[in-house]
Amino acid sequence: MRKYRRNKSFSMKNVKYHSKQNIMKKLALLLIITLCPNLIIAQPKQNGRAPVREKRGYNQRAGIDTAKLRILYALNAKDIKNEDTYIDLGKLEVGKRIKKYSSEFLAISDQKAIQWKRENKFTGNVPMSFWIGGQKEHQNHWSELVYSDYIIRGNKLTEYACFPFLAERENSKYTEPWPLMKWTLSGEQQNILGHICQKATCHFRGRDFVAWFAKDIPIKGGPWKFGGLPGCILKVYDVQKIYVWEAVAIESGTFIISQYPDKLYPKSTRKSVWQRQKKYNSDYWNAIGWISLEGRGTPPKKAFEPLEKE
63 MRKYRRNKSF
73 SMKNVKYHSK
83 QNIMKKLALL
93 LIITLCPNLI
103 IAQPKQNGRA
113 PVREKRGYNQ
123 RAGIDTAKLR
133 ILYALNAKDI
143 KNEDTYIDLG
153 KLEVGKRIKK
163 YSSEFLAISD
173 QKAIQWKREN
183 KFTGNVPMSF
193 WIGGQKEHQN
203 HWSELVYSDY
213 IIRGNKLTEY
223 ACFPFLAERE
233 NSKYTEPWPL
243 MKWTLSGEQQ
253 NILGHICQKA
263 TCHFRGRDFV
273 AWFAKDIPIK
283 GGPWKFGGLP
293 GCILKVYDVQ
303 KIYVWEAVAI
313 ESGTFIISQY
323 PDKLYPKSTR
333 KSVWQRQKKY
343 NSDYWNAIGW
353 ISLEGRGTPP
363 KKAFEPLEKE
């Protein structure tokens, strides 16, 4: 059984920004600074901060199917044998009617928070101390690849897109046809977790991808939105290897597949969600409309390589 370490408690330091778009946020922030000068929020080094759990609906999930099989994937592992080096540990759950890809790190973190709340009989917001596992520099930061759920019903995929801290109002969902990848098969083979995998390539939304799939696992799916091959995708990456998923475990058992409440995720379109995800990834502070209390302006945009370029 895998062991997950408890992450260090969140420390609120160095608040420097307030909203110029929402006067209530501005007044609330000034009140906090006035009354609690030592209670201040840290500026993220990467992209947006992790969203508030309650706004995701983490404790309102409803079971929609039962899986007997799930595959765990390391995302961008520095050391495939060490989960602390992953950006995320994703999971593909395969039910009778539904397939779902989501973050196992996030699920574990949420479960700890739910248990803490139950044991402490606490009805307010859960402390932001149960950071997810993986690389330290990513533990309290938002990424759509961690905070979005992808649910497949038949030939339709729905993304439940959760946005970063102070942008949760953007939370939404959209549905698109699945699968959309058009693969070219190759004769090359590779052994992954004891399964002989065949190579396939495709061009999808601006990127060239390489996938390795196992015909002896009759599941036409994989991590993220990948699918459409005659077997389960156990490894997939873009040719630049900016994004790399590799299966690290295949588990049998009984796993409840759950879904966020629809009411918290209004309908949208893929293009709209994609544009907003790109905006918050590349220019988070300007995107949420915050400015420096010290007049220094917001941090510069950071380089961002979207998984989908179009």
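The sequence shown begins at 63 in this note's numbering and counts up by one. Ideal placement from N, C-alpha and C gives every residue a C-beta, glycine not left out. A quick note: this is a predicted structure, and the numbers were derived from the prediction, not measured.
Contacts around N133, its chain only, beta-carbon distance under 6 angstroms, and the 5 residues preceding and following it disregarded:
Translated into the one-based positions of the sequence shown, residue 133 becomes position 71. The question names Asn, but residue 133 in the sequence shown is Ile. Taking C-beta separations shorter than 6 angstroms and ignoring five residues to either side along the sequence, the partners of I133 in its chain run L154, A309 and I312, following chain order.
Quick check on DSSP: helix, strand or coil for F167?
Stepping through the sequence shown from its first residue, residue 167 is reached at position 105. Looking at F167 - three-state DSSP - the assignment turns out to be helix.
State the DSSP-derived secondary structure class of T331, mapped to helix, strand or coil.
For the purposes of this step, residue 331 is taken as residue 269 along the sequence shown, with counting starting at 1. Under the three-state reduction of DSSP, T331 is assigned to coil, being neither helix nor strand.
Which of the three DSSP states is assigned to D141 in this structure?
Taking the first residue of the sequence shown as position 1, residue 141 is located at position 79. Note: D141 maps to coil in three-state DSSP.
Outcome for E250 when other beta-carbon atoms lying within 10 angstroms are tallied against a minimum of 16:
Working through the sequence shown from its first residue, we reach residue 250 at position 188. Exposed, by the Cβ-count rule.
Express the C-alpha separation of R159 and C98 in angstroms, rounding to a whole number.
Here residue 98 refers to the residue found at position 36 when the sequence shown is read from its first residue. Here residue 159 refers to the residue found at position 97 when the sequence shown is read from its first residue. Low confidence applies here, because C98 scores a pLDDT of 35, under 50, leaving its location unreliable; read the following figure in that light. The straight-line gap from Cα to Cα measures roughly 51 angstroms.
When the Cα atoms are used, what is the spatial distance from K282 to C264?
Locating residue 282 in the sequence shown gives position 220, where the first residue counts as 1. Locating residue 264 in the sequence shown gives position 202, where the first residue counts as 1. Those two C-alpha atoms are separated by around 15 angstroms.
Report the three-state DSSP secondary structure of Y209 (helix, strand or coil).
Counting from one through the sequence shown, the residue named residue 209 turns up at place 147. If DSSP states are grouped into helix, strand and coil, Y209 belongs with the helices.
Alpha helix (DSSP H) containing P349: first to last residue?
The residue you call residue 349 lines up with position 287 of the sequence shown. Note that residue 349 is Ala in the sequence shown, not Pro. For A349, the enclosing alpha helix (DSSP H) begins and ends at Y346 to A349.
Compute the distance between the beta-carbons of K58 and Q260, then report whether it is under 9 angstroms.
For the chain, the structure presents residues 63 to 372; residue 58 sits outside this window and is missing.
Report the rounded CA-to-CA distance for V298 versus Y148, giving the unit in angstroms.
Walking along the sequence shown from the start, residue 298 turns up at place 236. Walking along the sequence shown from the start, residue 148 turns up at place 86. About 15 angstroms.
Do the CB positions of F167 and W204 come within less than 9 angstroms of each other?
For this step, residue 167 is matched to residue 105 along the sequence shown. For this step, residue 204 is matched to residue 142 along the sequence shown. A distance of 9 angstroms or more separates the beta carbons of F167 and W204.
Is it true that the CB of Y327 sits closer than 9 angstroms to the CB of A229?
As a position in the sequence shown, residue 229 is number 167, starting the count at 1. As a position in the sequence shown, residue 327 is number 265, starting the count at 1. The answer is no: Cβ separation not under 9 angstroms.
Looking only at its chain, what residues have a beta carbon closer than 7 angstroms to the beta carbon of N217, apart from the 5 residues adjacent to it on each side?
In the sequence shown, counting from the first residue as 1, residue 217 sits at position 155. Taking N217 as the centre and dropping the five residues before and after it, the same chain places the C-beta of P239 and W240 closer than 7 angstroms to its C-beta, in chain order.
Proximity below 9 angstroms, CB of I318 to CB of G125:
For the purposes of this step, residue 318 is taken as residue 256 along the sequence shown, with counting starting at 1. For the purposes of this step, residue 125 is taken as residue 63 along the sequence shown, with counting starting at 1. Judged by their CB atoms, I318 and G125 are nearer to each other than the 9 angstroms cut-off.
Would you list the one or two residues that DSSP bridges to A262?
The count along the sequence shown starts at 1 and reaches residue 262 at position 200. For A262, the pairing in a beta bridge is given by DSSP as L247 and A273.
Which parts of the stretch 108-136 are runs of the alpha helix (DSSP H), unbroken and 4 residues or longer, counting only runs that do not cross its ends?
At a cut-off of 4 residues, the continuous stretches assigned as alpha helix (DSSP H) that sit fully inside the stretch 108-136 are 115-118.
State the Cα-Cα distance for the pair P292 and P280, rounded to the nearest angstrom.
Translated into the one-based positions of the sequence shown, residue 292 becomes position 230. Translated into the one-based positions of the sequence shown, residue 280 becomes position 218. Using only the alpha carbons, I get a separation of about 7 angstroms.
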